Amino acid sequence: MILIAQCGWSQISYMDPAIVSWGDSVQVVRGYQDLNDTSLGIAGYGVVADALGEADGNVVSLGDGGAATYFFASGIPDGIGPELAIFENAMDMGDGQFFAELAFVEVSINGIDYYRFPSQSLTQTNGQVNGFGGLMAYDIQGLAGIYPTQIGALFDLDEIAEINPSDTIYFVRCVDVIGILDPSLGSYDTEGNLINDPYPTPYASSGFDLDAVAHVKDYNAPTSIETIAHFNHSAMLINAGRGLADYVDQGCWVLDTKGMRTQITSLTEVCKGYQWIMEYNRISDQWKVVKVILGV
């Protein structure tokens with residue numbers, strides 16, 4: 210049986226030629242360092258100018274629930290593949306874990322009506338991720354903030370039902386995720402899950418640390434078709450690199466092409482997949498399974 214791998218995308222380097230422009234202007238409304246202790250005041254790390262221009266590692270911290278709204282004078286039309294890249298400064302803690310402060314991403318045509326990209330957080334909600342805790346990157350979909358400095362998270366306008374193929378957006382807004390496990394204060398993903406990310410962070414650098422937002426056009430993901438046997442260590446790997454069989458009945462998942470996940474419950478079911486959709490990470494030169502098409 211030949212299992213075929215195809216390529217997708219999720220991230221981009223700030224030097225990639227597919228980046229055609231950076232936000233022309235930005236308005237920042239900072240949130241508190243800690244919503245539960247407003248006496249600490251609002252976040253204060255960085256200045257607004259740090260969020261303009263190309264991603265350079267200089268950031269402005271948004272604080273709990275803070276937001277930054279970018280204006281693109283030339284507009285961003287819906288194209289083929291991803292159109293947006295959001296740059297933050299997550300820290301790689303190893304084994305797929307990152308210190309990451311997350312943000313929702315929203316877009317608007319007129320600067321009044323905003324539409325949010327669908328998101329999913331499968332981080333456990335049994336205990337609060339503390340202010341220095343890490344998140345597993347593969348538990349997060351549709352949120353900015355999971356990649357290191359100068360690596361942007363990609364977003365495709367096709368994922369927003371309210372945006373038509375003929376539309377051009379002019380505004381992009383990043384909204385800090387309030388990661389507290391308090392139903393009255395915390396942020397929720399599209400599926401209604403509380404999002405657990407580092408909390409509290411009662412410092413000037415609280416919240417999403419925004420570096421830059423870019424317009425991406427005609428991003429060329431790898432297009433080669435290869436058999437699984439050609440991949441290092443076999444391409445029957447998901448995320449951390451364990452064999453597929455290791456994931457059965459262990460609460461692990463396969464990502465679909467929209468970034469949402471389906472739990473692996475049967476090795477037989479998964480092995481019937483004749484076609485595997487793989488995602489290629491240009492930076493690490495690694496692949497991961499993003500979809501298994503059964504019965505092809």
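Numbering (the working numbering), first residue to last: 210 to 505.
C-beta: ideal position from N, C-alpha, C; glycine also.
All figures in this text were calculated on a predicted structure; none of them were measured in a lab.
Straight-line Cα distance separating residue j from residue i
i	j	result
G342	P286	38 Å
A454	N335	Its pLDDT being 43, under 50, A454 is placed unreliably in this model, and the value from its coordinates should be taken loosely. If you take the alpha carbons of A454 and N335, they lie about 27 Å apart.
T432	T410	Any answer about T432 is weak, because its pLDDT of 35 lies below 50 and its placement is not dependable; what the coordinates show is given next. Taking the straight line from one Cα to the other gives about 42 Å.
V386	I404	8 Å
E368	N402	19 Å
S328	S248	31 Å
A282	D427	19 Å
G395	Y408	10 Å
T278	Q333	30 Å
L390	D406	9 Å
Q306	A346	6 Å
Nearest-angstrom Cβ-Cβ length linking residue i and residue j, presumed shorter than 8 Å
i	j	result
V316	I372	7 Å
L352	A312	7 Å
A260	L419	5 Å
V366	D348	At residue 366 the sequence reads Leu, which differs from the Val that was named. Their Cβ separation, rounded to whole angstroms, is 24 Å, which puts L366 and D348 out of contact at 8 Å.
A258	A421	That belief does not hold up - the Cβ atoms of A258 and A421 are roughly 11 Å apart, past 8 Å.
Coil, strand or helix - residue i by DSSP
i	result
D418	strand
L366	helix
S230	strand
L261	coil
T410	coil
T247	helix
A299	coil
P392	coil
Q220	strand
L271	coil
P286	strand
Check: Touching or not, the segment 288 to 295 and the segment 253 to 260, by the rule of three or more beta carbon pairs under 8 Å?
Finding: Flag = no, the segment 288 to 295 and the segment 253 to 260 do not touch.
Notebook entry, point to check: Going along the chain, which unbroken runs of the beta strand (DSSP E) with 3 or more residues stay wholly within the segment 305 to 374?
Noted result: Taking 3 residues as the minimum length, the beta strand (DSSP E) runs contained wholly in the segment 305 to 374 are 306 to 308, 312 to 317, 323 to 325, 360 to 364, in order along the chain.
Next item on the list: Report yes or no: do the segment 266 to 286 and the segment 235 to 246 share at least 3 C-beta pairs separated by less than 8 Å?
Entry: Because the criterion of three Cβ pairs below 8 Å is met, the segment 266 to 286 and the segment 235 to 246 touch.
Item checked: the segment 353 to 367 touching the segment 300 to 310, judged by at least three CB pairs closer than 8 Å -> Yes, the segment 353 to 367 touches the segment 300 to 310.
Note to self: Could you check whether the segment 224 to 239 touches the segment 318 to 326, counting it as contact only if at least three pairs of C-beta atoms, one from each stretch, sit closer than 8 Å?
What the structure shows: At 8 Å Cβ cutoff, the stretches do not touch.
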